[in-house]
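2 protein chains.
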Amino acid sequence: MPTPDTIHLPDIKDLLKPVQPHLVALNFYLNEEVNAFEPEVREFARYCLRHTGKQLRPTLVFYSGWQDAISAPNPQLVRVAAILELVHQATLVHDDILDGASIRHNSPTLNEEYNAHTAVLLGDILFSHALKLASDFPTVTVCRAVSQATRRVCAGEIGQTFQHRSPKVSLVDYYRIIDLKTAELFRVSCELGAEIAGYPADFVKAAAVFGRHLGIAYQIFDDLADITGKEATIGKTLGTDLQGGKFTLPILLLLEKLEVMQRQTLVEEMQSGRANTAKWANPIREYGIPALVKNAFFDEIAKAESALLPYREFPPFKQLMSLSSFIKYQTETIRV
Amino acid sequence: MPTPDTIHLPDIKDLLKPVQPHLVALNFYLNEEVNAFEPEVREFARYCLRHTGKQLRPTLVFYSGWQDAISAPNPQLVRVAAILELVHQATLVHDDILDGASIRHNSPTLNEEYNAHTAVLLGDILFSHALKLASDFPTVTVCRAVSQATRRVCAGEIGQTFQHRSPKVSLVDYYRIIDLKTAELFRVSCELGAEIAGYPADFVKAAAVFGRHLGIAYQIFDDLADITGKEATIGKTLGTDLQGGKFTLPILLLLEKLEVMQRQTLVEEMQSGRANTAKWANPIREYGIPALVKNAFFDEIAKAESALLPYREFPPFKQLMSLSSFIKYQTETIRV
Chain A
919 MPTPDTIHLP DIKDLLKPVQ PHLVALNFYL NEEVNAFEPE VREFARYCLR
969 HTGKQLRPTL VFYSGWQDAI SAPNPQLVRV AAILELVHQA TLVHDDILDG
1019 ASIRHNSPTL NEEYNAHTAV LLGDILFSHA LKLASDFPTV TVCRAVSQAT
1069 RRVCAGEIGQ TFQHRSPKVS LVDYYRIIDL KTAELFRVSC ELGAEIAGYP
1119 ADFVKAAAVF GRHLGIAYQI FDDLADITGK EATIGKTLGT DLQGGKFTLP
1169 ILLLLEKLEV MQRQTLVEEM QSGRANTAKW ANPIREYGIP ALVKNAFFDE
1219 IAKAESALLP YREFPPFKQL MSLSSFIKYQ TETIRV
Chain B
919 MPTPDTIHLP DIKDLLKPVQ PHLVALNFYL NEEVNAFEPE VREFARYCLR
969 HTGKQLRPTL VFYSGWQDAI SAPNPQLVRV AAILELVHQA TLVHDDILDG
1019 ASIRHNSPTL NEEYNAHTAV LLGDILFSHA LKLASDFPTV TVCRAVSQAT
1069 RRVCAGEIGQ TFQHRSPKVS LVDYYRIIDL KTAELFRVSC ELGAEIAGYP
1119 ADFVKAAAVF GRHLGIAYQI FDDLADITGK EATIGKTLGT DLQGGKFTLP
1169 ILLLLEKLEV MQRQTLVEEM QSGRANTAKW ANPIREYGIP ALVKNAFFDE
1219 IAKAESALLP YREFPPFKQL MSLSSFIKYQ TETIRV
């Protein structure tokens, strides 16, 4: 039986290679759009979009609408990808205000570099421009899907705000919130990619199910990384959930395992903002929390992948599977 | 020649009487929509929409799409009115965060009653739900108009933020900003009202011109009221522009009139946030600033009304003219 270190991992760069020309086309397109903004806001919009990040949502759009015969980026898919990226960036800009975050991608947030006024309004502008691009399609399909998804994402974030420091959060609550705040944009990216590329309705539905479960898995990975990951590997500040009183899956599973007294201590620490990841590292390891969370992660990956199994012959199949491998690969980098 | 007190003013209630059943239908519709929101956000959305305010934008929609033969509210116009009201409410929710405002319509703002997290996200939800309603029309016309208008409103507000305390603001800058931040939603309300009701393209354009100039006039009135109005008549805190370093039309005109030394004093006071309306009340009166601002107001009203003159036979003509009278009437209540 192979030890974890000998498990064969695919080369991460190869997995996302096919999407690169499409992402280049996307970033060229976004740049052109920003240049056509009102002069009052161009500078801020450029500042905000200057770091491209992982662009997972655009990648989902391109891969769900993949057509082997067509090598040049499909302008319709580029537009859908731009819409989803703008909505995602808008939520990040607003999140950074809410969190009082001063750094993202190793440079000052918009909030920090300019002010909260500009950040609130620029988020609004990115949202409304996304919907303007959606209205450039001949039908209302994209507008409807994107506006509804945006409302659901924000409802999820409000729900999360009110779960803050509340020990009454259940596993059902946790899954509902991440379904809204994270999985919704993954889901709609896949749905619209497949639909705009002209795939049949049953495949569009399957792609949406794939996206949704991949999104849930991705959030579970993110929550696990926050509590057990290494900052150098993950590339952002970790340990914020315990300290911030956010009852994520690893924390909920730990609470289930702890003895009554310890459970009470952890809840009290989280409610008062004193909980500290280092202190709880031992119980987390002893109770095997990372393995339990990884099980939950792989359950979602399995649901995502199995939705696509009837569509092996479709060109998006291979691409979407490679993205799912990419996310599994990231999870493997978490060692405890 | 009549003195100001003997000028015949139309009865303000009669002017807006015809729109009342339509506003009732609008508020019923908005209520139903909010009830269908995610449970996480219903309470906040209700809180936010509980005071209806003047609903000028919905009134513009109903009056621009007026049809004498049809007395029951047109459901299409109700939906457009709801969209514009939601966008307007979203901008108010976000403005209240930016201004740190704690009171609107005599009760705590969302920001104050809950927290800034909720206010940012709820504004986003109202925006995105407006666009979702826009996508319920069979074509992308409403989505496109509303998303573009929203982007322009926010660009205007960002522009205004960066004019803050800047004595380099010119009259051209002032008009550009109010055209974006206020006139744009008035314009698009009239345009969509006329279009959805099926009026011909030339009338739709004329209605849009009417709305735009009415919006500019309305902002000029608002800026005059801030500096010379009585709080009891206007119904909100006044005198905030001078103190807040906002170079509005009355202030720009006063600066043009002042001697060099006085001008420098006012600019310095505004830049440091020490300017006080009571101190400048005399120069404002002596230089006849209110009369000059009223001239600018009536110039815009004249542009608005003359756009409609070729359409005297159209049912919206009488209604829109009565709304313009309503706004003129409000201006007459400002005495200095």
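Protein chains in written order, with the working numbering: chain A, 919 to 1254; chain B, 919 to 1254. Even glycine gets a Cβ: it sits at the ideal position worked out from N, Cα and C. Since we're looking at a predicted model, the values are computed, not measured.
First through last residue of the alpha helix (DSSP H) which encompasses residue i
| i | result |
| --- | --- |
| aspartate 1140 (chain A) | 1119-1146 |
| arginine 1062 (chain A) | 1059-1081 |
| alanine 999 (chain B) | 993-1016 |
| histidine 940 (chain B) | 938-953 |
| lysine 1086 (chain A) | Segment: none, lysine 1086 (chain A) is in no alpha helix (DSSP H) and carries neither H nor E. |
| serine 1190 (chain A) | It is not in any alpha helix (DSSP H) - serine 1190 (chain A) carries neither H nor E in the DSSP assignment. |
| isoleucine 988 (chain A) | Looking at the DSSP string, isoleucine 988 (chain A) is not in any alpha helix (DSSP H), and its letter there is neither H nor E. |
| phenylalanine 1045 (chain B) | 1034-1052 |
| proline 1168 (chain A) | 1167-1175 |
| methionine 1104 (chain B) | For clarity, residue 1104 (chain B) is phenylalanine in the given sequence; the question names methionine instead. Where phenylalanine 1104 (chain B) is concerned, the enclosing alpha helix (DSSP H) stretches over 1102-1114. |
| glycine 1162 (chain A) | 1158-1162 |
Residue j beta carbon less than 9 Å from that of residue i
| i | j | result |
| --- | --- | --- |
| tryptophan 984 (chain B) | proline 1228 (chain B) | no |
| glycine 1074 (chain A) | glutamate 958 (chain B) | yes |
| threonine 977 (chain B) | leucine 1010 (chain B) | no |
| tyrosine 981 (chain B) | leucine 1241 (chain B) | yes |
| leucine 1030 (chain B) | phenylalanine 1128 (chain B) | Per the sequence presented here, residue 1030 (chain B) reads as glutamate, with leucine not at that position. No, the pair does not count as a contact, with Cβ atoms beyond the cut-off. |
| isoleucine 1202 (chain A) | threonine 1166 (chain A) | no |
| threonine 1027 (chain A) | asparagine 1033 (chain B) | no |
| isoleucine 1114 (chain A) | alanine 1052 (chain A) | no |
| glycine 1116 (chain A) | alanine 999 (chain A) | no |
| proline 939 (chain B) | serine 989 (chain B) | yes |
| leucine 1039 (chain B) | cysteine 1061 (chain A) | no |
| leucine 967 (chain B) | asparagine 949 (chain B) | yes |
| alanine 1037 (chain A) | aspartate 1014 (chain A) | yes |
| alanine 954 (chain A) | isoleucine 1043 (chain A) | no |
CB contact below 9 Å: residue i versus chain A
| i | result |
| --- | --- |
| glycine 1074 (chain B) | yes |
| glutamate 958 (chain B) | yes |
| asparagine 949 (chain B) | no |
| arginine 1105 (chain B) | no |
| glutamine 1237 (chain B) | no |
| asparagine 1033 (chain B) | yes |
| threonine 1251 (chain B) | no |
| cysteine 1108 (chain B) | no |
| phenylalanine 1165 (chain B) | no |
| leucine 1241 (chain B) | no |
| aspartate 923 (chain B) | Confidence in aspartate 923 (chain B) is poor, its pLDDT being 44 and thus under 50, which makes the residue's placement too unreliable to answer from. |
| threonine 1009 (chain B) | yes |
Three-state secondary structure assigned by DSSP to residue i
| i | result |
| --- | --- |
| proline 976 (chain B) | helix |
| proline 1271 (chain B) | Given that chain B is displayed from residue 919 to residue 1254, the structure contains no residue 1271 (chain B) and the question cannot be resolved. |
| proline 1228 (chain A) | helix |
| proline 1026 (chain B) | strand |
| histidine 969 (chain B) | coil |
| tyrosine 1255 (chain B) | Nothing about residue 1255 (chain B) can be read from this structure; chain B reaches only from 919 to 1254. |
| methionine 919 (chain B) | Low per-residue confidence applies at methionine 919 (chain B): pLDDT is 40, beneath 50, and the placement is therefore not dependable, though the value from the model is reported in the following sentence. Methionine 919 (chain B) falls in the coil class under three-state DSSP. |
| isoleucine 1095 (chain A) | helix |
| lysine 1197 (chain A) | helix |
| leucine 934 (chain B) | coil |
| glutamate 956 (chain A) | coil |
| lysine 1236 (chain B) | helix |
| phenylalanine 1055 (chain B) | coil |
Below-9 Å beta-carbon distance, residue i vs any chain B residue
| i | result |
| --- | --- |
| asparagine 1029 (chain A) | no |
| histidine 1047 (chain A) | yes |
| histidine 969 (chain A) | no |
| histidine 1012 (chain A) | yes |
| glycine 1077 (chain A) | yes |
| cysteine 966 (chain A) | no |
Rounded Cβ spacing between residue i and residue j (contact assumed at less than 8 Å)
| i | j | result |
| --- | --- | --- |
| leucine 1170 (chain A) | valine 1087 (chain A) | 7 Å |
| threonine 916 (chain B) | glycine 1157 (chain B) | For chain B, the structure presents residues 919 to 1254; residue 916 (chain B) sits outside this window and is missing. |
| alanine 863 (chain A) | cysteine 1108 (chain A) | There is simply no residue 863 (chain A) to check, as chain A begins at 919 and stops at 1254 in what is shown. |
| arginine 1105 (chain A) | glycine 1077 (chain A) | Incorrect: roughly 17 Å between the Cβ atoms, too far for contact. |
| threonine 1068 (chain B) | phenylalanine 1045 (chain B) | 7 Å |
| arginine 890 (chain A) | histidine 1012 (chain A) | Outside the modelled stretch of chain A, which goes from 919 to 1254, sits residue 890 (chain A), for which no answer is possible. |
| arginine 1192 (chain B) | glutamate 956 (chain A) | In fact, because the Cβ distance is near 32 Å, the residues do not count as touching under 8 Å. |
| histidine 1131 (chain B) | lysine 1221 (chain B) | 4 Å |
| isoleucine 1245 (chain B) | phenylalanine 1139 (chain B) | 7 Å |
| valine 996 (chain A) | tyrosine 947 (chain A) | 5 Å |
| histidine 1047 (chain A) | leucine 1004 (chain A) | 6 Å |
Interface partners of residue i on chain D, CB under 9 Å
| i | result |
| --- | --- |
| phenylalanine 1055 (chain A) | Here chain D cannot be found, since the structure's protein chains are A and B. |
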